[in-house]
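**Student:** Residue numbers (this note's numbering): 9 to 767.
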Ligand code: PEP
Ligand code: MG
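1. Residues in the same chain with beta-carbon distance under 7 Å from residue 581, minus the five sequence neighbours each way, listed in chain order, please.
2. Tell me the DSSP bridge mates of residue 408?
3. Find the nearest neighbour of residue 222 within the set 212, 87, 278 and 343, judged by alpha-carbon distance.
4. Entirely within the segment 72-129 and at least 4 residues each: give me those alpha helix (DSSP H) ranges in chain order.
5. Which same chain residues, not among the five before or five after residue 413, have their C-beta less than 6 Å away from its C-beta?
6. Considering Cα atoms alone, identify which of 19, 89 and 704 is closest to residue 103.
7. Residues in its own chain within less than 6 Å of residue 107 by CB, not counting five upstream and five downstream?
8. Which residues bound the alpha helix (DSSP H) around residue 484?
9. Quick check on residue 398: does DSSP put it in helix, strand or coil?
10. When the Cα of residue 447 is compared with those of 690, 697 and 539, which residue comes out closest?
11. How would you label residue 664, buried or exposed, when you count the other beta carbons within 10 angstroms and need 16 or more for buried?
12. Just the C-alpha distance for residue 688 and residue 28, rounded to the nearest angstrom, thanks.
13. Can you tell me whether residue 512 is helix, strand or coil according to DSSP?
14. Just jot down, in chain order, the residues whose CB lies closer than 6 Å to any heavy atom of the ligand PEP.
15. Where does residue 579 fall in DSSP's three states?
16. CB of residue 523 to nearest heavy atom of the ligand MG: below 7 Å?
17. Identify every run of the beta strand (DSSP E) within the segment 554-632, keeping only runs that are complete inside it and at least 3 residues long; order them along the chain.
18. Check whether the Cβ of residue 510 lies closer than 7 Å to any heavy atom of the ligand MG, and answer yes or no.
19. Cutting at 7 Å between CB atoms, please list the residues of its own chain near residue 358, excluding the five before and the five after it.
20. Give me the residue from 675, 13, 125 and 218 with the minimum Cα distance to residue 39.
21. I want to check one thing, is the minimum distance from the CB of residue 573 to the heavy atoms of the ligand MG below 7 Å?
22. Considering only DSSP beta bridges, list what residue 153 is partnered with.
23. Reducing DSSP to helix, strand and coil, say where residue 709 ends up.
24. What distance in whole Å lies between the Cβ atoms of residue 378 and residue 462, which are believed to be in contact at a cut-off of 8 Å?
25. For residue 160, which option in 128, 76 and 484 has the closest C-alpha, if you only look at C-alpha atoms?
26. Pick out whichever of 325, 295, 384 and 333 has its Cα sitting closest to the Cα of residue 315.
27. Please report the straight-line C-alpha distance between residue 148 and residue 35, rounded to a whole angstrom.
28. Return the residue from the list 611, 325, 289 and 344 that minimises the CA-CA distance to residue 202.
29. Suppose the cutoff is 6 Å on Cβ atoms and the five residues either side in sequence are ignored; what does the same chain contact list for residue 421 look like?
30. Could you give the DSSP three-state label for residue 177: helix, strand or coil?
31. My output table needs one value for residue 688: the three-state DSSP class, helix, strand or coil.
32. Note down, in chain order, each residue of its chain lying with its Cβ closer than 7 Å to the Cβ of residue 157, except the 5 sequence neighbours on either side.
33. Spell out the partners DSSP gives residue 63 in its beta bridges.
34. Output needed for residue 395: all residues of its chain with C-beta closer than 8 Å, excluding positions within five of it in sequence on either side, in chain order.
35. If contact is defined by three or more beta carbon pairs under 8 Å, each pair taking one atom from either stretch, is the segment 499-508 in contact with the segment 529-548?
36. Do you know how far the Cα of residue 267 is from the Cα of residue 328?
Here is the structure:
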């Protein structure tokens, strides 16, 4: 059965459109189940009817004509109850309905199962038998499995049809929504420019050659051209990225060395294969090896190798590099966006990015956040190859992509974009003002940084300090662990830029979705594996170099706070503190005149919530990592679009945990901050203010909005709201209560850009 299912799914997946896919389904299922009829009915929500879309066995002329309301017939019953119905004697059922147009001889037996995708009934799959047949459990199981497998395909095909403006009846559902993961905040309306692979390595044939020198020469020229392209892309981004960050491009260049990819290709050419074939061999071998290992780091490298392979091939084929025309308001779409693709678009044309693969912490998402470009990643169901030239809306707050948006949706998002523009225009006036509530309570707003571009933006937005410097970002852009003196320079730059304001530097937080190319970790469950402090405590040589560099860099400035990620118990804090004291002692002995920095703990693992008091007693401060804390408390992968709707930091359990942490810290007389995305959501910020957080640290893009809102609130009112929502057990109710309350104050529009949009 498995084989049969697989075969049908493959055929359906390869179908050119929805009708073709449905035709394959009914044909194959009828054969597989040895039944007389197999039909598919699709649900039309606007008419509340099930329309016959394909059949094998009934009169084909009835297709597109015969339909039944959800309260009619057996099909309507299956759909409205959303469950399988098996009837040996269908005609005796009170809901049996006979349609003469179908040419339906009165079929005795009926087996119908709903086609459900993301909890929505898309249609009904039916098999019928002339003579009485007792469909058994095996038949039922087959049809249910078939329908579950096909639901995704049907949903995808429907959406794809709608993108083309065809829709399932040829006239068109005008819009479709695809769910991804927020990569960088902001909303954008624009035109999709799809970056397809420049050349298709997979179809290059083998060819034996006699003139090896000629092929070697061709390959050398291609290599030089690609190297030059990469260098110029890197140069184009030079005013936005500092040298260490541009090391991303050095990784590419290194792969082109004769000791790596290029050397292998040359060896194959020498064996008598033409350059294109040699390139295909070598690239596919590398890619396959990486991809099969199913590891974040290796997958990342596999895509780099593929990208390089395509670039080389396009020169070998003497094809022009894909010349894309970038209209105003370009939204760049690709299966896997790379920083290089981003660099190719003129900055004044680019308004958004969409990547089908990738995660919040992909290189391109990190860059996009630093540059303030709204981005959606992991939009896995997006039929991206068909989007070129199509109007798109992207919502980088929620991770949504809308194709062919309706006029209403366009208008709503245009308002969001305009509101953002207005707020940003007011930045200058807000910049020098502190974040003080109407009743005079001062809540410092800090920023999260990682790249050089973050520093510039943070300064423009008047941050009062850095609550989280993600040190791993610089490590990710390097091709080996940076040395102590290289790290001193990086850290000094940050510490100086904000001095005398505090800069909270987090020690290396790799693992999970943050791979280091030169320190591969292969794990089946990386978020529960070797991450953050667990790695650095196991590698004190790496940890000591890093904290030495941080402390050394703070000499004469003394504005350094050190933050420890992924602490799950007091023993880890104890060990880390020990090492930090040791590093500081060494530096003092070496004659460096520097203060011992404050040491803080990230509260992002549930166990740390329960030990917050003990941790606060031992540390100088706490900082909540609400991104991971939400993921671990709710058991929802923060990078999985399929469960994105469950990822909610306003879940009552998360709010309860936050309150616990604040009171634990304060009971020990220690300050507590929060540095996850939640702190940058103005609605959530109101609750965080009320909970008593001593500072909020966020992406600098969000800072003006949070400041604007909190300056228009009283602490007292925020506390009332917190009390009100604390009594609620339903996250949706919490969202709507907060939105309503802030709306009543006339604050809703500016505060939560895309949440007011009705989709
Ligand atoms: C967090 O988990 O909330 C956090 C700030 O850290 P990161 O997003 O880098 O894991
Ligand atoms: Mg974290």
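A virtual CB, placed ideally from N, CA and C, is assigned to each residue, including glycine. As the structure is a prediction and not an experimental result, all values here were calculated from the model.
**Tutor:** In short:
1. 572, 575, 609, 623, 626 and 627
2. 187 and 403
3. 278
4. 81-89
5. 183 and 401
6. 89
7. 74
8. 480-484
9. coil
10. 697
11. exposed
12. 47 Å
13. strand
14. 476, 478, 517, 612, 633, 634, 635, 636, 683 and 684
15. helix
16. no
17. 568-572, 606-611 and 629-632
18. no
19. 338, 340 and 381
20. 13
21. yes
22. Beta-bridge pairing links residue 153 to no other residue.
23. coil
24. 5 Å
25. 128
26. 295
27. 18 Å
28. 344
29. 195, 197 and 401
30. Caution is warranted here: a pLDDT of 37 is assigned to residue 177, below 50, making its placement in the model unreliable, and the coordinate value is therefore given only provisionally. Correct three-state label for residue 177: coil.
31. helix
32. 13 and 17
33. 47
34. 171, 200, 202, 341 and 411
35. no
36. Because the pLDDT of residue 328 is 38, which lies under 50, any placement of that residue in the model is unreliable, and the question is left without a value.
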